[in-house]
Every structure is written in structure tokens, then in C-alpha cells.
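In our numbering, the protein residues as written are 446 to 1029.
And the structure:
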């Protein structure tokens, strides 16, 4: 069988092969800074865990076959001189694997089995299948042979250390096929009437429908759109564990969580084409809002963390989200999100405002999302202008919502608080030409070379003109050939792979580009958008990028980067259409 390919091809060393809704994927990346020569089934239930190793075999020798791996949405292939192996998702928890001339060995990734770790392997006589049961994921992985011959079984029912797995090779027709399922405790024996070609075609169509909905505007001027859409589509998981809704993880590498600001960018990218999925992305952290109104730092399959928070960009995001959704939110949704957003705002006004203080503070760089930015070098518990600016935008959005919900007193209160917060930001933190940071306890002030100091640009049209011009001029000094460096490249603290001390990040790019555009600085906004789009088109959708070379850094399949590309590309296409219409 020759399998037809559709959609963008990609390297599994950068982007895991997976499908919409699945909690597992196939990748040689087993953990941060840990890669294997072989592809593994890697599950994200109870954390990131490599469960099964998949090794193509030379049919004549039974040894490893030399193959190259090719991946595209819907189909993963090992291709060798003497044969091939294809893999496609039938459902989010089941893959079909079919080989021609080459065999396949499937073994437990963990060699050691203890009473609390590793993978136990046995044959299930009820389902006539082989089962790997994983302590780490708490799930079972069932292998059902549909055609071909099992030529080797090792480690069945064995305890302690050793190899565990099976090998399958071709039958008389030169081919074989298996199904691999991720299940809980038990399931009816595997049955399917669909041929492999039908499974592959259905997977391809699923992705095609997604990208058509998310980016119907794409053109030759936006060449990375389909790959960006694949990164988002394939990183989406179905509700399970503590994940209460369909969720776009930040990655199906090791950044396999939803952080409480990353989700906003995914929601905005999905809004026009997948409004319900977009609303689920925006709403998910609010499902875990605590009694103080705080949002969790992050949500994962089996973990919700509250030791830090993330910045209150949710008013900004909701304002944009409501404009992008094809239908207005229902009154029920408005009432619910108004209450949640109000509690989140009150958290900053009470739990994070010292007695007598007009402005809230961060307790650590992690609270800002800019974990190690140089603005936090002198002290960590600090009052910053970016926090005040985001809070002002959130207060303004609350005033709009209160007015729509016929709560004029609340609307006036939120407006007054927004105006007072902005006034305090300018009075206490504007130093004539730039914003400074202040210690919450010490009252000492300092400036840095971090782009974080310039994030109040997100206020856009709400900024005094002279402040907006000064910020825009400073922002331009951070602009490299590839985008906005988070630390000035001329700074002694600049690090090429320094996380928030130099590399280019998607969220800062989107927030600043939007603020500049709303403040009327269209030329600079256009330049920032164009450079970031070109960066993604050349270097993919990494967690962040070297500001001087463009090289992708850290996690190479990051959804907020892909979503930010989709946002900027969509807006660029819209402006181009408007300009063409105007000229015509």
C-alpha cells in the first residue's frame, strides 16, 4: 500500500505526531533535554511519560531496519529500502499501525519494574491481546494483532528488570497490522470494520476541516498557517482528570499544561472558526478559581498549581475574544464570566495591594509570566507598570460588561478604579521618559533593559500621547531582524538562550503589536508583525527564539507561538484585503 500524504510535513524531532483529543503522541523527545534514537508512544496522563518504544525490523534478520521517519497530519511513516510502516489515529485513544515487508517491535520504554514504577506486560486471554500496564500513567496499552504473525514475545508476566514486548511480522501477503489502544482498566476486545486506508483518510479529513475553519483566509502569503494549525490541533486533549474541558496544551512535549495566560492566545486564534473550543480555552482556568479569586498558575491532567499566579491579561483577552466570536455570548455566559473576572480582579486589588497602596504587586517574576526578567533582579516582590496596565484594561472591560448587564453602579465603580489605577501608575512609576519598577517593601525604584518595562504599551489608546510615543521609541530599540528581544541585545545581562533575558516570545509580541496599533503607531506595529511572522515561517513554533539568529529554543512545538502566528497572519490578511479594496 502506498499512502498518500496531505498537509504540511514536519520533523517529529520538533513536533510530536498526535491527533486532536488524544492524550498521547509519538516522538523521540522523552523529556526536557532527553531524546531517543527511536520513536516512543509518549502519554501526558499523570505527567509526560514515555511508555512504549517502536522499532521497525528488517524482515530477513529481525534486527533494526534503517528507515527515515516522515510525518504529516494524519500519517506517520517509517520508510526503508525494503519496506515501510505506517501509523494513523483511528480515534483519540487508538492508533492503527500497518507494515509492508518491514516488521515492528513494540517494547516497554522502562526496563525496570518495581512495586511502584515501570510497566508490567502480559497476554490478556479475554481480548486475545497483549497488555502493557503503566504505573506512571495509570493506564493500560493494549496491542491487538489484526493480521500478520507475532514472532517474539519477551518478558510476559516478568517482574524486576528486563525487556518486555512483542514483535510482529508479515503474513503470506507481505503485510501485517496491529491496533494500539490507551485504555483505563478494561474494554471490549478491539473490533473495527474500517480498512487502514479509511482510517488514514478520516484522520486527514479531520485536520483539513480544522484548518479550513481556523484559517479560511490563508494564502501563499501565509505559508506557515497549516503547520501552525497542526501544532494547535494535535496538542488539543479531551477532558480528563483535572482538565475539565477540551484543552489545548501548551505542547505535547514537556510543557504539557495550560498556564493561566498562555490559554488566552489559543482562545483568540480559535475564536472565529471554533468558537466553542475557543470559549473552553478561555474558561478552563476559571474552572479552578480559588476562594480568593486567584486563578491557578497552571492546570494539567493530574495537577493544579497555585503557588504562583499569572498576569491579569484576561480583560484584554476577553475584549478581543468577544469581537472575534461569530455570535455574541449569551447572557448566561456574560453573567458567569463577569463574576469570575470580577473575582480575579478583586484578588489583585485586595490580596496583592499592600495597605494604603494604590497599585498591586507581583511576589515573584513567575507571577508576571516573565520568570527571570532583569526587572526582577534587584527585588522580587515588586510594583510594576505592566501589572498596573493589564489591570486597567481588565477594569475597563469589567465596566463594559457591567453596563451591558444593567449594573450601572458597578460600571461606574470599575471605571473609577481603572482611572485611579492608571493615574497612580503614571504618578508613581513614570519617570519622565520611562517606567520604573518599585520594591513593594523597600520603596526603592529602578529601571532595567527588559522589554517588560515597556509592556504598558498594551494600554494603546488609553495612554497619554507623550507616554505612548516614548514607549514606542524604546520598543523600537528592542527590534532585531527577527522580532522583539526581551532584553536589549546591548545589555550586559543579555543571554541568547536566557528565557526572558533576551529571546523573542510570542505573547509579548502580540500584546505590544496590538497596543502600538491601537495607539496609532501602525508602521512599527506592521514591522513587528512582519518580522515575527517571517520568524515562524522560517524557524517554526518554538517556545521562544534566539533574538539575533532566529533559532528556535526550548520546547519546539508551542501552541501559543502557533496561535500568535495565526492571529498576526489573520490580521495581516484582513488589512491587505481592506487596502486592496480601498485602492480598487
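Backbone N, C-alpha and C define an ideal beta-carbon position, used for all residues, glycine too.
Model, not experiment: these values are computed from the prediction.
- Counting of Cβ neighbours within 10 angstroms places residue 546 among the buried residues, the total reaching 16 or more.
- Judged by their CB atoms, residue 971 and residue 699 are not nearer to each other than the 8 Å cut-off.
- Taking a cut-off of 8 Å on C-beta distances, the region 771–789 does not touch the region 905–923, as fewer than three cross pairs fall below it.
- Around the C-beta of residue 962, 16 or more other C-beta atoms lie within 10 Å, and the residue is accordingly described as buried.
- Of the residues assessed, residue 1012 falls on the buried side of the cut-off, its CB having 16 or more other CB atoms within 10 angstroms.
- The bridge partners DSSP lists for residue 557 are 606.
- The beta carbons of residue 549 and residue 501 sit closer together than 8 Å.
- Here residue 644 is not near residue 613, since their CB atoms are 8 Å or more apart.
- Residue 632 carries a coil assignment under DSSP once its states are collapsed to helix, strand and coil.
- Distance check between residue 617 and each of 484, 630, 804 and 593 places 593 closest, using alpha-carbon atoms only.
- Judged by their CB atoms, residue 831 and residue 934 are not nearer to each other than the 8 Å cut-off.
- With contacts defined as CB atoms closer than 8 Å, residue 835 and residue 761 qualify as a contacting pair.
- Take residue 871, set aside five residues on each side of it, and no residue of its chain has a beta-carbon closer than 6 Å to its own.
- Taking all protein chains shown into account, residue 532 has 16 or more neighbouring C-beta atoms within 10 Å of its C-beta and is therefore buried.
- Straight across, the Cα-Cα distance linking residue 792 with residue 806 is about 11 Å.
- Distance check between residue 671 and each of 455, 1023, 751 and 527 places 455 closest, using alpha-carbon atoms only.
- Nearest in C-alpha terms to residue 737, of all of 599, 751, 1007 and 470, is 751.
- Distance from the CA atom of residue 839 to the CA atom of residue 668, rounded to whole angstroms, is 34 Å.
- Looking at the backbone, the Cα of residue 659 and that of residue 488 are separated by about 26 Å.
- For residue 513, the enclosing beta strand (DSSP E) stretches over residues 512–517.
- About 15 Å separates the beta carbons of residue 759 and residue 744, which is beyond the 8 Å limit, so they are not a contact pair.
- Sorting 777, 681 and 627 by C-alpha distance to the C-alpha of residue 538 places 627 at the top.
- A distance below 8 Å separates the beta carbons of residue 882 and residue 829.
- Check the Cα spacing between residue 864 and each of 629, 884, 846 and 842: the tightest is with 842.
- Residue environment analysis places residue 623 among the buried positions, since at least 16 neighbouring C-beta atoms fall within 10 angstroms of its C-beta.
- Sequence-distant partners of residue 820 (beyond 5 residues in either direction) whose C-beta falls short of 7 Å from its own C-beta, in its chain, are 829, 882, 893, 895, 897 and 898.
- Secondary structure at residue 475: strand, using DSSP grouped into helix, strand and coil.
- In the DSSP assignment, residue 792 falls within the alpha helix (DSSP H) that extends over 776–795.
- Restricting attention to 655, 684, 801 and 619, the CA atom closest to the CA of residue 528 is found in 619.
- If you look at residue 672, you'll find it in the alpha helix (DSSP H) that goes 670–679.
- Membership of residue 724 in the alpha helix (DSSP H) is indicated by the continuous run 720–728.
- Distance from the Cα of residue 967 is smallest, within the candidate group 1017, 978 and 1003, for 1017.
- Residue 650 counts as exposed, since fewer than 16 other C-beta atoms from the protein chains shown sit within 10 angstroms of its C-beta.
- In the DSSP assignment, residue 659 falls within the alpha helix (DSSP H) that extends over 641–659.
- Counting along the chain, residue 884 sits inside the beta strand (DSSP E) bounded by residues 882–884.
- Contact fails between the region 672–689 and the region 629–648, because fewer than three Cβ pairs, one in each stretch, are under 8 Å apart.
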